[in-house]
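2 protein chains.
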Amino acid sequence: MSTKVALLGFGTVGKGTYNALTTNADIIEKKTGKRIEVVKILERNQKVIDSGLAPKELFTQDYDSILADPEIKIVAEILGGFEPATSFMLRALKAGKHVVTPNKAVIAANYDLFKSTAAENGVCIRYEASVGGAIPVIETINKSLVANSITKIEGIVNGTTNYILTKMEDENISYEDALRQAQEHGFAEADPTADVEGIDAANKLTILMAEAWGVYIKPDQFERIGISKLTRDDLRLATQHGCKLKLLASAEKKPDGTINAFVRPTEVPSDSPLASVRNEFNGILLTCNMADLIFLSGRGAGKDPTGSAMAADIIALA
Amino acid sequence: MSTKVALLGFGTVGKGTYNALTTNADIIEKKTGKRIEVVKILERNQKVIDSGLAPKELFTQDYDSILADPEIKIVAEILGGFEPATSFMLRALKAGKHVVTPNKAVIAANYDLFKSTAAENGVCIRYEASVGGAIPVIETINKSLVANSITKIEGIVNGTTNYILTKMEDENISYEDALRQAQEHGFAEADPTADVEGIDAANKLTILMAEAWGVYIKPDQFERIGISKLTRDDLRLATQHGCKLKLLASAEKKPDGTINAFVRPTEVPSDSPLASVRNEFNGILLTCNMADLIFLSGRGAGKDPTGSAMAADIIALA
């Protein structure tokens, strides 16, 4: 018996998710005994439908038919943006379907609503791919570190800004020149605001805090400073201090229970594992009362890495 | 309803496991809804029993009474060594109890036997703590990377040798002097053979290959070279090559399916995340066909880190 899945959207991450589920279907079945079958893809871009990357008969433009199909147990939202992603996910949960998404902005904006809607309908919403791409940080917090009190979360969780900062340091170039390089290499969008102003990193920090501590602190409730005002002098100064300058998303839980959270350029000591996170890579350092330090790193974005995390969540739900 | 657990042994890791389950019992219950209760501890050392670290009435010297107790669902083996650890674990599985262990030597020596005995009796054996201590590498391979074909495993999986190599490099001292320091700091045993000759690392590589590829390649079936013959010159040469010398446990799966595995001192490029693994820390780099590179690091040994991984396995079984 296979588990039937619908994908909403067939852009970059949609293709990556489809790839991961199909290319490695035999490995997945051997490891888990489960067969995952993508039975519908919601997509209206005819070029994408005609691309041949998935059988044409999978495509539909009718979301209601997906919701009405009792055989579809899992809906993977990969549309991006706030709407219709938010309402589509809520409708899927209310229709008794599990939801998987990499959409950090939507989860961070409505964390409680998604969690309560899922619980009320006896289903789950999973979003490992929303933080750190392929890096299993949410699984690690919730499963592997479940017997720990996590005291500190420090992450380089935005690949665009880390790429820019690495280039600025390695090549001694200005922010503007490094941003241009990032855009040319596909690591920054034409409008880079959400990345360079730390909005994306703040969304991810909101999610990590919620997972680690069960608190919902919205992205606009803590300090957020981006990298767009940084100069070569700032990086030079960090080097002089024996540090690397990184856009750090950091949250610390004090013994009295208060949480100190921020996203801002921070000098990280060169011997910290965070200092070794270069280019578009992400890294997350967790401080815990039993495990001590746990560091995870890998690709925080991209078609296949994000697809890998989406597929893992889908398989876990199956 | 609580899940009842018996610990076999109350040495360092036994105490760490007990600590993790009791200190963070409220966190565990809040996160999972499960209450884990240690109801028996097999231990005959009277000093340990009298230590006050666990209630005296939990201790027993009668393993049969543990096996005969239908309420005990999980047995955590923390005796170390081959016997009676091996036969105690097999008896627990045959009695229909799940088993959790950090004992890499025993698992590597009898991987197939433990797996088949568990399957025949409808129970599980888990050993996250056996590789990389608190680092969630087995969970990552089996869950988070389930939609990946893993092509390469490279690990610094022995803290003792990594501590010695770090000291040799940092302080420009001989192998013998660094070993002495490691022994003084409790990072090396009086008889360091299993660590410095790469036996411990080979056991862990056997386990990682079995998890990643479903193949059982015993530790004596691949090349193993330890660090006891290394000199300051070897480390100096590595530095000249822009590398760090590390005791690497490495396994690569070629496109034709053959596996090339070894444990030996290896020059690791300075910009590899493996190069940043210092002192007694462990780190594992996984190369995958979807997620690309995933790097995990943390404490590979010690009371609470190992206890953290033991507790996570126990909770997952509960």
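Protein sequence lines correspond, in order, to chains F and R. So the first sequence is numbered by my numbering: it starts at 1 and just counts up by one. So the second sequence is numbered by my numbering: it starts at 1001 and just counts up by one. Just so you know, even glycine gets a beta-carbon here, dropped at the ideal spot from N, CA and C.
| Check | Outcome |
| --- | --- |
| F/Ala24 and R/Ser1149 closer than 7 Å at C-beta | As written in the sequence, residue 24 of chain F is Asn, which differs from the Ala given in the question. Yes, these two residues count as a Cβ contact at 7 Å. |
| The stretch 1014-1029 of chain R touching the stretch 282-296 of chain F, judged by at least three CB pairs closer than 8 Å | yes |
| 7 Å Cβ cutoff met for R/Gly1133 and R/Ala1301 | yes |
| F/Cys288 CB to nearest heavy atom of the ligand NAP below 6 Å | Ligands are entirely absent from the displayed structure, and the ligand NAP is therefore not among its contents. |
| Where R/Glu1184 falls, given that 16 or more other Cβ within 10 Å makes a residue buried | exposed |
| Span of the alpha helix (DSSP H), counted from its first residue to its last, around F/Val39 | Careful: F/Val39 lies outside any alpha helix (DSSP H), inside the beta strand (DSSP E) at 35-42. |
| Assigned secondary structure, F/Phe88 (DSSP; H/G/I helix, E/B strand, else coil) | helix |
| Beta-ladder partner(s) of R/His1098, from DSSP | R/Ile1074 |
| Buried versus exposed, by CB contacts within 10 Å (16 or more), F/Asp220 | exposed |
| Continuous alpha helix (DSSP H) stretch holding R/Val1263: start and end | That residue, R/Val1263, is in no alpha helix (DSSP H); its beta strand (DSSP E) goes 1259-1269. |
| Proximal residues to F/Phe295 (C-beta, below 6 Å), its chain only, five neighbours per side dropped | Pro273, Leu285 |
| Under 7 Å by beta carbon: chain F residues contacting R/Val1146 | Ile28, Lys31, Thr32, Ala312, Ile315 |
| Assigned secondary structure, R/Arg1278 (DSSP; H/G/I helix, E/B strand, else coil) | coil |
| F/Arg232 versus F/Leu245: straight-line alpha-carbon distance, rounded | 11 Å |
| Selection of the stretch 1292-1305 of chain R by Cβ proximity to chain F, strictly under 7 Å | Asp1292, Leu1293, Ile1294, Phe1295, Leu1296, Ser1297, Gly1298, Arg1299, Asp1304, Pro1305 |
| 7 Å Cβ cut-off: residues of chain R touching F/Thr140 | Pro1136 |
| Chain-order list of residues whose beta-carbon lies under 7 Å from that of R/Thr1086 (same chain, five-residue window excluded) | Val1106, Asn1110 |
| Span separating the alpha-carbon of R/Pro1070 from that of R/Leu1317 | 16 Å |
| Closer than 7 Å to chain F by CB, R/Ala1020 | yes |
| Beta-carbon proximity check, F/Asn121 vs F/Leu93, cutoff 7 Å | yes |
| N-terminal and C-terminal residue of the beta strand (DSSP E) that R/Ile1150 is part of | 1150-1156 |
| Where the beta strand (DSSP E) containing F/Gly14 begins and where it ends | From DSSP, F/Gly14 is part of no beta strand (DSSP E) but of the alpha helix (DSSP H) over 12-23. |
| Contact residues within the stretch 205-217 of chain F, judged by C-beta distance below 9 Å to chain R | Gly214 |
| Close Cβ partners of F/Ala6 (< 6 Å) along its chain, the five nearest in sequence each way excluded | Lys40, Ile66, Ile72, Val75 |
| R/Thr1101 vs R/Glu1128 beta-carbon contact at 7 Å | no |
| Whole-angstrom distance between F/Glu171 and F/Leu237, CA atom to CA atom | 15 Å |
| Among R/Gly1016, R/Met1001, R/Ile1125, nearest to R/Pro1305 - alpha-carbon criterion | R/Gly1016 |
| Bridge-paired residues (DSSP) for F/Lys253 | F/Ile259 |
| Selected residue, minimal CA-CA separation from F/Gly81, among F/Ile315, F/Ser130, F/Val215 | F/Ser130 |
| 7 Å Cβ cutoff met for F/Val196 and F/Asn282 | no |
| Straight-line Cα distance separating R/Ala1182 from R/Lys1167 | 9 Å |
| Segment limits, alpha helix (DSSP H) that includes F/Val5 | From DSSP, F/Val5 is part of no alpha helix (DSSP H) but of the beta strand (DSSP E) over 2-8. |
| CB of F/Ala249 within 7 Å of CB of F/Val268, strictly | no |
| Option nearest F/Ile259 by Cα separation, candidates F/Ile138, F/His241, F/Val215, F/Gly14 | F/Val215 |
| DSSP three-state assignment for F/Ile135, whether helix, strand or coil | coil |
| Supposed close pair R/Ala1251, R/Ile1141 - CB separation, criterion 8 Å | In fact, because the Cβ distance is near 12 Å, the residues do not count as touching under 8 Å. |
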